[in-house]
Every structure is written in structure tokens, then in C-alpha cells.
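Visitor:
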Amino acid sequence: AQSVTQLDSQVPVFEEAPVELRCNYSSSVSVYLFWYVQYPNQGLQLLLKYLSGSTLVKGINGFEAEFNKSQTSFHLRKPSVHISDTAEYFCALIEQGGSEKLVFGKGTKLTVNP
Amino acid sequence: DVKVTQSSRYLVKRTGEKVFLECVQDMDHENMFWYRQDPGLGLRLIYFSYDVKMKEKGDIPEGYSVSREKKERFSLILESASTNQTSMYLCASRVRTNTEAFFGQGTRLTVV
Chain A
9 AQSVTQLDSQ
19 VPVFEEAPVE
29 LRCNYSSSVS
39 VYLFWYVQYP
49 NQGLQLLLKY
59 LSGSTLVKGI
69 NGFEAEFNKS
79 QTSFHLRKPS
89 VHISDTAEYF
99 CALIEQGGSE
109 KLVFGKGTKL
119 TVNP
Chain B
9 DVKVTQSSRY
19 LVKRTGEKVF
29 LECVQDMDHE
39 NMFWYRQDPG
49 LGLRLIYFSY
59 DVKMKEKGDI
69 PEGYSVSREK
79 KERFSLILES
89 ASTNQTSMYL
99 CASRVRTNTE
109 AFFGQGTRLT
119 VV
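Top to bottom, those sequences are chains A and B.
Numbering-wise (the numbering used here), the first sequence opens with residue 9 and increments by one.
Numbering-wise (the numbering used here), the second sequence opens with residue 9 and increments by one.
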């Protein structure tokens, strides 16, 4: 069965520092990959997605992610974070030609300190 | 503008009650989902519907059922609410497999 592992449950960083949130996945077939963000007391909002093509994907709010098929990873990066980036981030996948279920990791709580 | 609306933001119910959580989307999406979100466990899929009257169990369907009689509405039913079903419930919809899923604001359910 497919699965998503987010390697860090919490990531504290200082404002204007770079950040990387790690995501690894497991699947026997090709996948579509997504990163979502959840601000406090809100639903989830799409940051970016990888469907095919270029392995470097750019999203909203200055975030980007790189798909690495050999490493089965899809890490999220931002070169300089702001206080407003404090939120919980979720990596998710769908198996191509599979059950169509959208499967999530357990989330990474990013806290940006002044 | 895309919209997924969950009927309540906060709900308090008693143990043993039958509880209905409603979700409506206005985008003519085929697929709809119900997840529950608990601290440290992320989002776990309860049920998924890929079309009207079609449903598929997710990872944690026990104690829940769903109904999708119309394309725009997907209801989650707790047949007999228990305290371990106290959680945040999130509804989502999407047009097809490789597209973005849109989420509602969530319903925080407390069972006492």
C-alpha cells in the first residue's frame, strides 16, 4: 500500500533563514505528489503539485519542491521564511492508475521565530 | 471562486447520538472525501466518493458511514457517537485524480 512519511514533526527556524521540510513516499507505481499548508483554525490550501515533467516545482508564497524518483522524495524548500509561514505542512500523494485516494503524511509544524 | 462548505465549524454531541456532518461543494466535482485530523496523526481518510452513490472505504471507516445522493453533497454519519470520535473532520473535493483537492474549513466535533 502507498504511504507518505514526513521525517520531521516539528521544525523551528528563525525569520529569514532557509528551510527544508522533508517528505518521502512509498508506492509500487508512479505517483502524483502535493504539498498543502494549514494555517491555524483553517482548512488545507494547496502550495504546489508535481504531476509530470520538470522535477523542480514552484508554488505559492515562494515555496518550491523537487521530485526525486530514485530517492522517492519530494522535499519542500523556501530560501527565506517569514513569520507568516508559521503553519502545518502536509505532503500527499495519489497513485497513478490506482485507487484515486489522496493519502497524507502526518504533517510538519513549521514555527518561524523572530 | 471555489467553495467547499461544511455545515458547522463546532459541534458538541452526546455519546450514543447519531451525528450528521454535511459537506457541499459548488464546483461540480466528481470526487469527494472525508478525513479526520488528530494531533500527531495527520489526516486519515475515512471515506471517499468518486461519483454519486459511489463510495469507497478509506483507512478508518469503522463507526462511520457516508451518503452521496447528489453530486454536490457528501454526508458523514456517525451511527452512535463515541468519545474517541472527538476530532477535527475535514471534507474535500476535486474534479478528477490528478487535480487539486479543495478543502472545507473543518468541523471540530466534541463527543461528551
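For every residue, glycine included, the Cβ atom is placed at its ideal position computed from N, Cα and C.
To which residues of the same chain is proline 48 of chain A closer than 6 Å at the C-beta, ignoring the five residues directly before and after it?
Guide: So the list is empty, once near-sequence residues are dropped.
Visitor: Whose CA, out of A:Gln50, A:Gln104, A:Asn32 and A:Val45, lies closest to the CA of aspartate 93 of chain A?
Guide: Ranking A:Gln50, A:Gln104, A:Asn32 and A:Val45 by Cα distance to aspartate 93 of chain A puts A:Val45 first.
Visitor: Hey, is lysine 207 of chain A's beta-carbon within less than 8 Å of any beta-carbon in chain B?
Guide: Since the displayed chain A opens at 9 and closes at 122, residue 207 of chain A lies outside it and no answer follows.
Visitor: Can you pull the chain A neighbours of tyrosine 58 of chain B, defined as C-beta to C-beta under 7 Å?
Guide: Near tyrosine 58 of chain B (Cβ distances below 7 Å), the residues of chain A are Glu108.
Visitor: Where does the unbroken beta strand (DSSP E) through valine 65 of chain A begin, and where does it stop?
Guide: Unbroken beta strand (DSSP E) run through valine 65 of chain A: 64-66.
Visitor: State the Cα-Cα distance for the pair phenylalanine 28 of chain B and tyrosine 72 of chain B, rounded to the nearest angstrom.
Guide: Their backbone Cα atoms lie some 10 Å apart in a straight line.
Visitor: In whole angstroms, give me the CA-to-CA distance for leucine 55 of chain A and glycine 106 of chain A.
Guide: Leucine 55 of chain A and glycine 106 of chain A: Cα-Cα distance of roughly 23 Å.
Visitor: Cβ atoms of glutamine 14 of chain A and cysteine 99 of chain A: under 8 Å apart, would you say?
Guide: Yes.
Visitor: Compute every distance between the C-beta of glutamine 79 of chain A and the non-hydrogen atoms of the ligand GTP, then say whether any falls below 7 Å.
Guide: Of the ligands one can find in the structure shown there are none, so the ligand GTP has no counterpart to examine.
Visitor: Exposed or buried, which one is alanine 109 of chain B when buried takes at least 16 other CB atoms within 10 Å?
Guide: Classification of alanine 109 of chain B: buried, given that the 10 Å Cβ count is 16 or more.
Visitor: Going by beta-carbon coordinates alone, are aspartate 36 of chain B and lysine 63 of chain B separated by less than 8 Å?
Guide: No, they are not a contact pair.
Visitor: Quick one, which residues of the stretch 18-42 of chain B are near chain A if we go by CB-CB under 9 Å, in chain order?
Guide: From the stretch 18-42 of chain B, only Asn39 and Phe41 have a Cβ closer than 9 Å to chain A.
Visitor: So, helix, strand or coil for glycine 112 of chain B, using DSSP?
Guide: Of the three classes helix, strand and coil, the one that applies to glycine 112 of chain B here is coil, per DSSP.
Visitor: From the DSSP secondary-structure annotation, give me the bridge partner or partners of threonine 118 of chain B.
Guide: Answer is B:Val20.
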